[in-house]
Amino acid sequence: TNSGFTLLYNTKSIKNNYLYVDAQRCGSITSLVSHSCEPNAAFVEQQTRSRVRMFVKMIKGVQPGAPITVHYGSERWFKCDCDRCSKEPSGIEESSDG
């Protein structure tokens, strides 16, 4: 397991706070959520008087065994290789000279 995995979630809807999900305290559940530009889930937060809780909510139907994906946000620190980003742009053909 990836016990050192930490997820930083910048929540702007509730008090502009930062929310950290630390695998050492919560197990490695955050390492099971992958990035996609066409996600099937989303991070959802719920605030009570004393704490903020983070949930992963499915926003599309998925088959059993399918990966759970969310959009990490526009400030990614990696080259996205999801299906949408790895496809060739439509309507652009390679030119052949000669």
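Counting in the UniProt record's numbering, the final residue of the sequence shown is number 98, and the numbers go up one at a time with none missing. Glycine is no exception: its CB is placed at the ideal position from the N, C-alpha and C atoms.
Since Ser86 is in the alpha helix (DSSP H), which residue starts that stretch and which ends it? Asp83 to Ser86
Which residue's Cα is closest to the Cα of Val44: Ser36, Arg53 and Ser86? Arg53
Lys79 (DSSP reduced to helix, strand or coil): coil
Taking Ile68 and Ala42 to be in contact with their CB atoms under 8 Å, please state how far apart those CB atoms are, rounded to whole angstroms. The pair is not a contact, with the Cβ atoms about 10 Å apart (cut-off 8 Å).
C-alpha gap between Lys79 and Val70, whole angstroms: 15 Å
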